[in-house]
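The next block holds one structure in the form of structure tokens; read it before the comments.
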Amino acid sequence: MTMSEPFYANVITDGTHKDRRNKRNQTPQHTGSDSVKNRSSRAAVVCLVLLCVLLLAAVIVLCVHIYTNNTNYTQERDQLLTKITNLTEERDQLLTNITNPTKDRDELQTKINGLTEDKDQLLTNITSLTEERNELIINNRNLLNERQQLINQLQLLCKEDEWIYYKSSFYYMSNERKSWTESRQDCLKKGADLIIINSSEEQDFVKSNTVKREFWIGVTDSDVEDSWKWVDGSTLTSG
Numbered sequence: 001m002t003m004s005e006p007f008y009a010n011v012i013t014d015g016t017h018k019d020r021r022n023k024r025n026q027t028p029q030h031t032g033s034d035s036v037k038n039r040s041s042r043a044a045v046v047c048l049v050l051l052c053v054l055l056l057a058a059v060i061v062l063c064v065h066i067y068t069n070n071t072n073y074t075q076e077r078d079q080l081l082t083k084i085t086n087l088t089e090e091r092d093q094l095l096t097n098i099t100n101p102t103k104d105r106d107e108l109q110t111k112i113n114g115l116t117e118d119k120d121q122l123l124t125n126i127t128s129l130t131e132e133r134n135e136l137i138i139n140n141r142n143l144l145n146e147r148q149q150l151i152n153q154l155q156l157l158c159k160e161d162e163w164i165y166y167k168s169s170f171y172y173m174s175n176e177r178k179s180w181t182e183s184r185q186d187c188l189k190k191g192a193d194l195i196i197i198n199s200s201e202e203q204d205f206v207k208s209n210t211v212k213r214e215f216w217i218g219v220t221d222s223d224v225e226d227s228w229k230w231v232d233g234s235t236l237t238s239g
């Protein structure tokens with residue numbers, strides 16, 4: 001019994017060493033549950049990666065879509081702003097076109113009103129002038145009548161006193177024979193002077209009233225011989 005115990009121990013010891021060596025030389029072996037867990041973990045990781053990729057792709061697509069829409073919206077906004085600007089300009093132009101005729105109409109109306117006032121004033125003036133003209137015509141007619149009456153009276157007086165009326169002048173024809181100097185003195189006493197002939201008509205008038213009669217006219221060379229002048233001092237002219 002005593003002899004066999006060490007052998008047994010050795011055997012056990014050797015077996016233990018063998019087991020240790022076998023354990024070192026053997027590759028680790030997993031159980032079935034560990035293998036399933038590992039596969040599940042890898043699948044989860046793969047799914048997570050795919051999900052991230054899909055999410056990133058979705059984000060990229062969404063960003064591209066948003067950028068595209070934003071660009072389109074910006075273009076549409078610019079187009080709308082351009083249309084609004086054009087419509088505003090058209091509105092302003094229409095307002096200007098409406099305002100200008102209104103101003104022109106108002107100016108024309110003002111001018112028309114002014115011309116109407118001027119016309120009324122002119123009509124008033126014409127009426128006043130017409131009334132004044134009518135009054136002047138009446139007054140002139142009355143004056144002409146009075147003048148003619150005075151002329152008629154003067155002619156009667158002139159016939160009595162041997163005076164002749166012609167164109168606002170009175171002529172005295174004396175039947176006495178006197179010298180030039182005496183005749184002038186007689187005229188001056190009567191407030192007159194020897195006749196001064198100013199026109200051919202007056203000369204014809206004097207001739208017609210002195211047919212076959214001699215008469216003196218108011219011309220003399222008493223100051224300078226052969227230098228004839230009228231009694232009023234004016235120079236005698238031929239014609």
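Residues 1 to 239 (the UniProt record's numbering) are what the sequence shown spells out, left to right. Where is the CB? At the ideal position from N, CA and C, for every residue including glycine. Owing to the predicted nature of the structure, the values given are computational and were not obtained by experimental measurement.
Per DSSP, what kind of secondary structure is residue i in: helix, strand or coil?
| i | result |
| --- | --- |
| serine 169 | strand |
| isoleucine 164 | strand |
| tryptophan 216 | coil |
| lysine 229 | strand |
| threonine 127 | helix |
| tryptophan 235 | Rather than tryptophan, the amino acid found at residue 235 in this sequence is threonine. Strand, per DSSP. |
| valine 59 | helix |
| glutamate 176 | coil |
| asparagine 38 | helix |
| leucine 54 | helix |
| asparagine 198 | coil |
| serine 222 | coil |
| asparagine 209 | coil |
| glycine 191 | coil |
Here's the rule: buried if 16 or more other CB atoms are within 10 angstroms of the residue's CB, otherwise exposed. What is residue i?
| i | result |
| --- | --- |
| isoleucine 195 | buried |
| glutamine 26 | Only weak support exists for where glutamine 26 lies, its pLDDT of 48 falling under 50; the coordinates are left without a value. |
Given a cut-off of 8 angstroms, decide if residue j and residue i are closer than it, judged by their beta-carbon atoms.
| i | j | result |
| --- | --- | --- |
| aspartate 186 | valine 231 | no |
| methionine 173 | threonine 210 | yes |
| threonine 237 | lysine 229 | no |
contact_flag[the region 161-172, the region 187-204] where n(CB pairs < 8 angstroms) is 3 or more: As far as the Cβ criterion goes, the region 161-172 touches the region 187-204, which means the pair count is three or higher.
So, do the region 170-181 and the region 208-215 have three or more beta carbon pairs nearer to each other than 8 angstroms? At 8 angstroms Cβ cutoff, the stretches touch.
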